[in-house]
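Q:
Residue numbers (the working numbering), protein chains in the order written: chain C, 9 to 376; chain G, 40 to 238.
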């Protein structure tokens with residue numbers, strides 16, 4: 009095979025399936041990938057440095073814009089890190105609100121994922137529209153609670169910004185009760201489909217050992233059969249009080265990664281049911297917690313949560329001032345993306361988009 | 040029932056059910072025919088900040104005292120305030136210039152949270168596109184000032200709470216002022232009673 013046989017193709021950054029502005033320089037031998045070089049940074053917005061120049065509270069709305077599909081989990085991760093740093097207790101009701109909003113976020117992320125990956129396979133339309141129809145209902149709930157569909161800016165140090173509007177909990181209960189029916193419908197639409205199976209099964213399998221060595225986290229790691237969920241491992245917030253299972257894949261191919269999201273969504277529904285049933289009355293924010301003019305004692309803290317895409321962590325260093333001295337984010341999307349070339353080598357060009365889709369990245373978080 | 044293609048047929052059945060269902064069930068027909076149909080926004084919905092004034096006259100009813108806390112706390116720093124001064128150069132408790140660049144504003148609501156005078160609040164307008172890239176998106180004071188009645192129209196619950204809080208504050212202040220006046224009067228009486236106490 010001489011070099012004359014290979015061809016370099018630049019996929020993206022405007023390719024419709026690249027999940028944002030992401031470019032891959034691909035070397036092809038025929039249709040087979042022999043080299044893949046990701047190029048990113050098109051969406052870099054200097055989030056970490058901006059946060060270091062602003063007050064502790066002012067970094068909160070910026071976290072919405074990291075993984076803009078799931079703003080509430082980002083809020084939670086940052087709030088958790090600051091609470092750890094400053095030693096702030098969280099109000100009991102707020103813990104429940106955080107679990108409810110975070111699990112709704114997980115639901116809508118995984119539902120959107122189902123639509124996107126079908127789009128990556130070329131089935132633009134049907135599945136995506138059904139997925140977005142359900143996602144829209146969750147976003148409506150977010151809007152009536154936080155004021156914005158996606159840029160929620162809802163969590164605060166020691167709690168949440170505002171209490172539930174009247175009727176919100178009932179609307180959520182109705183949505184949660186109806187959700188398994190939607191997942192059933194989605195599974196009936198997709199799971200038996202021979203084309204879908206042919207496109208997903210056996211594509212880019214990832215061994216558990218390699219997934220761990222690659223530092224992966226979240227659904228991608230669990231699809232490879234590793235039992236690691238930070239909700240279980242850390243039990244942050246009040247997750248240790250809820251009963252739920254952690255689904256795992258077997259071979260770690262694209263189909264496992266796809267199915268894992270469906271199973272996880274079902275577990276999220278279970279958590280939501282328990283949280284909605286158990287929510288207590290009380291203040292939504294710790295009255296002793298300071299929002300404006302917060303000056304955490306000098307020190308460092310790492311707060312991490314199980315985001316819908318993986319381990320989302322904030323590493324903060326305080327020098328006792330009113331601004332973070334160092335503000336570092338561990339973005340699950342970026343670290344899950346590091347194994348992309350390895351997964352893609354030897355596969356066909358058309359599979360690249362499916363593999364990228366099965367990792368489930370958001371470029372806002374990769375580039376920050 | 041597991042012949043090749045049965046999965047696709049099952050999937051098509053779901054599609055058919057959804058298509059037929061969209062004529063009957065409201066849940067499946069979710070498209071809104073904007074701009075003919077407009078969404079009813081939830082009360083909490085927010086777009087960009089505005090300034091509340093009490094009464095009829097925007098200038099005299101302005102709640103803003105130009106304390107500049109919002110300017111300082113605004114994460115993307117889109118607020119610009121210049122304090123007003125009288126002819127002698129004494130600072131007045133009102134802004135001369137209050138600009139918000141909504142091209143920069145990210146609708147985070149932090150200005151609303153930090154405002155101690157309940158002056159800045161979130162609007163719900165969303166049709167703000169313009170052909171003018173620079174001027175039209177910088178809202179100055181006359182454009183920002185909106186009446187308390189308007190605020191009640193868009194956020195009724197929140198506005199009622201705010202009014203109750205302001206009323207309580209006013210009463211507290213009045214009570215404090217009355218107590219102070221009474222104390223001063225009482226001291227005067229005491230002083231008047233013993234004028235020869237001074238050596």
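For every residue, glycine included, the Cβ atom is placed at its ideal position computed from N, Cα and C.
Can you find the residues in the same chain that come closer than 7 angstroms, C-beta to C-beta, to residue 328 of chain C, ignoring five residues on each side of it along the sequence?
A: What you label residue 328 of chain C is simply residue 320 of the first chain in a count that begins at 1. Excluding sequence neighbours, residue 328 of chain C sits near 303, 305 and 306.
Q: Assign residue 313 of chain C to one of three DSSP states: helix, strand, or coil.
A: The sequence position of residue 313 of chain C within the first chain is 305, counting from 1. In this structure, residue 313 of chain C counts as strand in the three-state DSSP scheme.
Q: In terms of alpha-carbon separation, which member of C:156, C:271, C:37 and C:170 lies closest to residue 77 of chain C?
A: Counting from 1 along the first chain, the entry for residue 77 of chain C is found at position 69. Among C:156, C:271, C:37 and C:170, the Cα nearest to that of residue 77 of chain C is on C:156.
Q: Contact between the segment 101 to 120 of chain G and the segment 131 to 146 of chain G: three or more CB pairs below 8 angstroms?
A: yes
Q: Among G:125, G:45, G:51 and G:92, whose alpha-carbon lies nearest the alpha-carbon of residue 194 of chain C?
A: If you number the first chain from 1, residue 194 of chain C lands on position 186. Nearest option by C-alpha distance: G:51.
Q: From residue 112 of chain G to residue 81 of chain G, what does the alpha carbon distance come to, in whole angstroms?
A: As a first step, residue 112 of chain G must be located in the second chain, where it is residue number 73. As a first step, residue 81 of chain G must be located in the second chain, where it is residue number 42. Looking at the two C-alpha atoms, the distance is approximately 27 angstroms.
Q: Based on the DSSP secondary-structure assignment, which residues constitute the bridge partners of residue 130 of chain G?
A: Stepping through the second chain from its first residue, residue 130 of chain G is reached at position 91. Paired residue(s): G:124.
Q: Mind listing the chain G neighbours of residue 236 of chain C? Cutoff is C-beta to C-beta under 7 angstroms, in chain order.
A: For this step, residue 236 of chain C is matched to residue 228 along the first chain. Those within 7 angstroms of residue 236 of chain C in chain G number zero; the least Cβ separation is about 32 angstroms.
Q: Quick check: the Cα distance between residue 278 of chain C and residue 175 of chain G, rounded to an integer number of angstroms?
A: Looking up residue 278 of chain C in the first chain gives position 270. Looking up residue 175 of chain G in the second chain gives position 136. For residue 278 of chain C and residue 175 of chain G, the distance between alpha carbons rounds to 49 angstroms.
Q: Can you list the residues of chain C that residue 160 of chain G reaches, using a CB-CB cut of under 9 angstroms?
A: Within the second chain, the letter at position 121 stands for residue 160 of chain G. Correct list: empty, because the minimum Cβ distance to chain C is about 12 angstroms.
Q: Closer than 8 angstroms, CB to CB, is residue 203 of chain C near chain G or not?
A: On the first chain, residue 203 of chain C is found 195 positions in, with the first residue counted as 1. It does; some Cβ of chain G falls within 8 angstroms.
Q: What three-state label does DSSP hand residue 186 of chain G in the structure shown?
A: Locating residue 186 of chain G in the second chain gives position 147, counting from the first residue. Strand.
Q: For chain C, find out if any of its Cβ atoms is closer than 8 angstroms to the Cβ of residue 88 of chain G; answer yes or no.
A: In the second chain, residue 88 of chain G corresponds to position 49, counting from 1. Interface flag for residue 88 of chain G against chain C is unset, since no Cβ pair is found closer than 8 angstroms.
Q: By the 10 Å Cβ neighbour count, where 16 or more other Cβ atoms means buried, how is residue 70 of chain G classified, buried or exposed?
A: Locating residue 70 of chain G in the second chain gives position 31, where the first residue counts as 1. That one is exposed.
Q: Residues in the segment 54 to 75 of chain C with C-beta within 7 angstroms of chain G's C-beta atoms, listed in sequence order?
A: 62, 63, 65, 66, 69 and 70
Q: Please classify residue 157 of chain G as buried or exposed, where buried requires at least 16 neighbouring CB atoms within 10 angstroms.
A: In the second chain, residue 157 of chain G corresponds to position 118, counting from 1. Result: buried.
Q: Quick one: what's got a C-beta closer than 7 angstroms to residue 33 of chain C's C-beta in the same chain, skipping five residues either side?
A: Taking the first residue of the first chain as position 1, residue 33 of chain C is located at position 25. If we look at residue 33 of chain C and ignore the five residues flanking it on each side, its Cβ neighbours are 16, 18, 45 and 47.
Q: Once the 5 residues before and after residue 28 of chain C are set aside, which same chain residues still bring their CB inside 6 angstroms of it?
A: For this step, residue 28 of chain C is matched to residue 20 along the first chain. Closer than 6 angstroms at Cβ, skipping near neighbours: 371.
Q: Inspect the beta-carbon positions of residue 258 of chain C and residue 264 of chain C and report whether they are closer than 8 angstroms.
A: Here residue 258 of chain C corresponds to residue number 250 of the first chain, with the count starting at 1. Here residue 264 of chain C corresponds to residue number 256 of the first chain, with the count starting at 1. Taking a C-beta distance under 8 angstroms as the contact criterion, residue 258 of chain C and residue 264 of chain C qualify as a contact pair.
Q: Residues of the segment 66 to 89 of chain G with a CB closer than 7 angstroms to any CB of chain C: list them in chain order, please.
A: 69, 81, 82, 83, 84 and 85
Q: Return no unless some Cβ of chain G is closer than 8 angstroms to the Cβ of residue 376 of chain C.
A: Working through the first chain from its first residue, we reach residue 376 of chain C at position 368. No, because no Cβ of chain G sits closer than 8 angstroms to the Cβ of residue 376 of chain C.
Q: Do the CB positions of residue 351 of chain C and residue 369 of chain C come within less than 8 angstroms of each other?
A: The count along the first chain starts at 1 and reaches residue 351 of chain C at position 343. The count along the first chain starts at 1 and reaches residue 369 of chain C at position 361. The answer is no: Cβ separation not under 8 angstroms.
Q: Just the chain G side, please: which residues come within less than 7 angstroms of residue 141 of chain C by C-beta, in chain order?
A: Against the first chain, residue 141 of chain C aligns to sequence position 133. Chain G residues near residue 141 of chain C: 69.
Q: Going by CA-CA distance only, name the one from C:347, C:237 and C:89 that's closest to residue 221 of chain C.
A: The residue given as residue 221 of chain C occupies position 213 in the first chain. Per the C-alpha coordinates, the member of C:347, C:237 and C:89 positioned closest to residue 221 of chain C is C:347.
Q: Starting from residue 116 of chain C, follow the alpha helix (DSSP H) in both directions and report where the run begins and ends.
A: Walking along the first chain from the start, residue 116 of chain C turns up at place 108. Its alpha helix (DSSP H) spans residues 100 to 128.
Q: Per DSSP, what are the beta-bridge partners of residue 168 of chain C in this structure?
A: For the purposes of this step, residue 168 of chain C is taken as the residue at position 160 of the first chain. C:163.
Q: Smallest Cα separation from residue 163 of chain C: which of C:210, C:129 and C:90?
A: Counted from its first residue, the first chain places residue 163 of chain C at position 155. Distances from the alpha-carbon of residue 163 of chain C to those of C:210, C:129 and C:90 put C:90 closest.
Q: Going by DSSP in three states, residue 206 of chain G sits in which element: helix, strand or coil?
A: Numbered from its first residue, the second chain carries residue 206 of chain G at position 167. If DSSP states are grouped into helix, strand and coil, residue 206 of chain G belongs with the helices.
Q: Confirm the yes/no value for this check: CB of residue 174 of chain C, any heavy atom of the ligand MG, distance under 7 angstroms.
A: The ligand MG is not part of this structure, which contains no ligands at all.
Q: When burial is assigned at 16 or more other CB atoms within 10 Å of the CB, is residue 65 of chain G buried or exposed?
A: On the second chain, position 26 is the one that residue 65 of chain G refers to. That one is exposed.
Q: Helix, strand or coil: which one does DSSP assign to residue 45 of chain C?
A: The residue given as residue 45 of chain C occupies position 37 in the first chain. In this structure, residue 45 of chain C counts as strand in the three-state DSSP scheme.
Q: At the level of alpha carbons, what is the spacing between residue 5 of chain C and residue 342 of chain C?
A: Here chain C covers residues 9 to 376 and nothing more, so residue 5 of chain C does not appear.
Q: Does residue 133 of chain C come out as helix, strand or coil in the three-state DSSP assignment?
A: By 1-based counting over the first chain, the position of residue 133 of chain C is 125. Correct three-state label for residue 133 of chain C: coil.
Q: Going by beta carbon distance, what residues of the same chain come within less than 8 angstroms of residue 317 of chain C, once the five residues before and after it are set aside?
A: In the first chain, the residue the question calls residue 317 of chain C occupies position 309. These residues qualify, in order along the chain: 75, 78, 117, 226, 227, 340, 341, 344, 368, 369, 370 and 373.
Q: Bridge partners of residue 158 of chain C, per DSSP?
A: Working through the first chain from its first residue, we reach residue 158 of chain C at position 150. BP columns for residue 158 of chain C are empty, so no partner.
Q: Could you pull the start and end residues of the beta strand (DSSP E) that residue 35 of chain C belongs to?
A: Here the question's residue 35 of chain C lines up with position 27 in the first chain. Note, residue 35 of chain C: beta strand (DSSP E), 31 to 37.
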